[in-house]
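What follows is a short report on a single structure.
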Amino acid sequence: MANYYLDNEDLQYYMKQGIDWEPIVEITEYGYRAADGHANAAEATQFYEEVAEMLGQFVAEEIAPHVAEIDAEGVRLQDGEAQVPAKLRQIFEQIKDLDLHAMCLPRELGGMNAPMLLYYVNSEVMARADVSTMAHFGFHGGIAMAMLMFSILEGSTEFDNEKLEITKTRFADYIEEIVAGQAWGCMDITEPGAGSDMGALRARGEVDDDGQWTVSGEKIFITSGHGKYHFVIARTEKVENPDDPMSGLRGLSMFLAPTYTEDADGNRVRIAPMERVEEKLGHHGSVTATVNFDRTPAHLIGRRGEGFKHMLTLMNNARIGVGFESLGLCEAAYRKARDYAAQRPSMGKTIDQHEMIADTLDEMVTDIQGIRALAMHAAYHEELSTKIGLVLKFMPPAYEARRAELEEQLKVSRAAGRRVTPLLKYLASEKAVEMGRRCIQIHGGNGYIVEYGAEKLLRDALVMPIYEGTSQIQSLMAMKDTLVGIMKNPQGFVKRLAQCRVRAYSAREPLARRVARIQQVSTGVQQYLITRTASDKFRSLSGKPLTEWPNSFLKNWDPKRDFSCAMLHAERLTRLLADEVICEILLDQAVKHPERADVLERYLERAEPRCAHLQNVITTTGNRLLAKLNSGGGDVV
Ligand SMILES: Cc1cc2nc3c(=O)[nH]c(=O)nc-3n(C[C@H](O)[C@H](O)[C@H](O)COP(=O)(O)OP(=O)(O)OC[C@H]3O[C@@H](n4cnc5c(N)ncnc54)[C@H](O)[C@@H]3O)c2cc1C
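Take 112 as the starting number for the sequence shown in the numbering used here and just add one per residue.
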């Protein structure tokens, strides 16, 4: 079977050329000063490629041939423990032997000190074979990294600044267990009455007179919830104002709770029992558990009340992870559809030669290249901003010039990561569903038959726009960030409007002019939404004394009322913003590597009419429904 990394030219482009590895490697390798580290970026990237190649081979040979069996067998709860397919257990034994759980951890904690970007590349490769295996894999190294990161942030990790290594970290024993493949963790947020609405979470964190914390409450739908180490979000502070969603979020804290111990004979003794393991439409190899915490001893992470902030740190990486997971599934769907279409005859030729099927396949491959560009950009900036933030806080460079350089890069990367992460989660997961369905359609009747494997892809894809924040929640985040950004810096927005207008006519390269026109459409839509938002707000001021206007306009924003038009169109805006940023990234690639112009050209051909359509819908529809919603009268439909 082909190597899942080496058979993917577009993915290799990023490893070899598309990613500017130097800043990532330099910061990961402490400026190449560590005794046992890589000497330069070239040496490091060669190593990363070797790891990707090794994983590509492993996935093709040891995971892909067994996914149908794992999917058919599924997981179940027996005597309070989750039973997973024997084949999956074997795969995880092999992963342990390859030391892959420690890929991104520092060397002094038993890791390879590889960048998160390499982990994400490997995630795509693994998800192409099976998303259940990939998700469970992520809950090993990802949780160990989170333990380390939280300990650094709360100040319970110590460094030797001479040797450039960690000498002590709060959860060292837990990390060691994970690295050795003996344990893994998970992220416990959702409850029966609170999913998207995190302000409604009810699980409690309580502290006794000795300072020992416990958590109590029911957490549902926990992926890999049969694991030992649970990051649990629980309420420690009273909700001051139940009508204000932010008030609910402010009272949350983050805990790390081990859910079982081992007795002298090595048998598991559960502290927090697993009550259910869900039967699901897809992800059959993945455990989705209900866990019951009842005064379960737990470690408070950081300070009380910081839970939402810490959760966002975990979630940012998790959302990028879902982006790569979705990308892997898209790649699988495309390849399966393409290969089937190339050999299935119909009406005198193979179906890939029929115009509609050829068009579908062409759009699939183009979308995949766009999503991959977005995913790499998001992962790159998230990693850079996280690592630079840590270096500036805990190991600031001695030279002022270097410090200033890092501070500047931090600003750029933080803004870029924040801008694109919800766009990636939204677009990649929605496209995974679309491509799963298209793969079935291209297979005709065979697509509906289990044996062909196309239906598994759609079943697996359907949860991607739901977990780690639904598509609607990603859209709200993208919309709010965009509009609030404009409100905070209206002059900057006006400048951007003017710049893309000028570039749309005067840029030297035709492709650059076309990208500027997409930016023009996007900024035009943003201008429309901000004007609507402001005029709705002004309308709400009528009847109030003029003296109250400045205060009421600048403060007291009621998201339900003032942003209603923008909320109605948030998903469309998100789609438009995703096209805009993908075109910008692909243009940048085309400038640096002219052979990439073809990818941009194909993407623009699809994006131009799509963006025009989205602009049309956003600026011409919605008033009837908004009037009905705002009148508060009767059913919406
Ligand atoms: C297989 C699987 C694995 C999971 N793994 C985990 C895990 O590991 N850890 C964990 O904590 N959770 C996990 N979840 C839970 C998942 O994150 C939640 O299901 C998700 O956040 C949605 O919450 P909900 O189910 O309560 O739906 P709701 O929040 O009730 O949402 C229902 C619908 O309403 C929409 N909606 C809600 N609010 C708004 C709004 N303000 N504006 C517009 N639309 C809105 C949503 O987008 C959605 O379409 C998992 C779920 C599944 C199915």
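For every residue, glycine included, the Cβ atom is placed at its ideal position computed from N, Cα and C.
Exclusion of Ile181 from the 7 Å shell around ligand 1 follows from its C-beta lying no nearer than that to any non-hydrogen atom of the ligand. Asn600 carries a coil assignment under DSSP once its states are collapsed to helix, strand and coil.
One Cα belongs to Leu259, the other to Glu288, and the distance between them is close to 13 Å. Ligand 1 has a heavy atom closer than 7 Å to the beta-carbon of Gly580. A distance of 8 Å or more separates the beta carbons of Arg361 and Leu312. Collapsing the DSSP output to three states places Met678 in a helix.
The residues Ile629, Asp690, Cys694, in chain order, have a CB closer than 7 Å to that of Ala718 in the same chain once the five nearest residues on each side in sequence are set aside. Here the C-alpha atom of Arg625 lies approximately 41 Å from the C-alpha atom of Met214. The beta carbon of Glu172 lies closer than 8 Å to those of Met112 in the same chain, with the five residues before and after it left out.
With a threshold of 7 Å, the Cβ atom of Phe419 does not count as near ligand 1, since no heavy atom of the ligand is closer than that.
His488 and Asp319 have their C-alpha atoms spaced approximately 45 Å apart. CA-to-CA, the gap between Asn224 and Trp324 works out to about 33 Å. When secondary structure is reduced to three states using DSSP, Gln638 falls in the helix class. Taking all protein chains in view, the Cβ of Tyr559 is surrounded by fewer than 16 other Cβ atoms within 10 Å, so the residue is classified as exposed. By the Cβ neighbour-count rule, Leu715 is buried, with 16 or more other Cβ atoms within 10 Å of its own. Within 10 angstroms of the beta-carbon of His410 lie 16 or more other beta-carbons, which makes it buried.
In the same chain as Arg430, and ignoring 5 residues on each side of it, the C-beta atoms closer than 6 Å to its own belong to Thr532, Lys536, Glu579, in chain order.
The beta carbon of Arg614 lies closer than 6 Å to those of Ala627 in the same chain, with the five residues before and after it left out.
Residue environment analysis places Thr278 among the exposed positions, since fewer than 16 neighbouring C-beta atoms fall within 10 angstroms of its C-beta. Phe203 is the residue among Glu219, Phe203, Leu275 whose C-alpha sits nearest the C-alpha of Gly249.
Listed in chain order, the non-local C-beta contacts of Asp478 below 6 Å within the same chain comprise Lys542, local neighbours out to five positions each way being set aside. Per DSSP, reduced to three states, the secondary structure at Ser397 is coil, with no helix or strand assignment. Annotated as distal: Val433 and Ser335, with beta-carbon spacing of 8 Å or more. At least 8 Å separates the beta-carbon of Phe332 from that of Glu386. If you draw a 10 Å sphere on the C-beta of Pro303, you find fewer than 16 other C-beta atoms in it, and that means exposed.
Taking the Cβ of Met590 as the reference point, every heavy atom of ligand 1 lies at 7 Å or farther away. In terms of side-chain proximity, the C-beta atom of Leu587 is found nearer than 7 Å to a non-hydrogen atom of ligand 1. Here the distance from the Cβ of Lys391 to the nearest heavy atom of ligand 1 is below 7 Å. Inter-residue distance for Val178 and Val402 is about 27 Å (C-alpha atoms, whole angstroms). 8 Å or more divides the Cβ of Thr424 from the Cβ of Val326. The beta carbon of Ala565 lies closer than 7 Å to those of Lys447, Cys550, Ile551, His554, Gly558 in the same chain, with the five residues before and after it left out.
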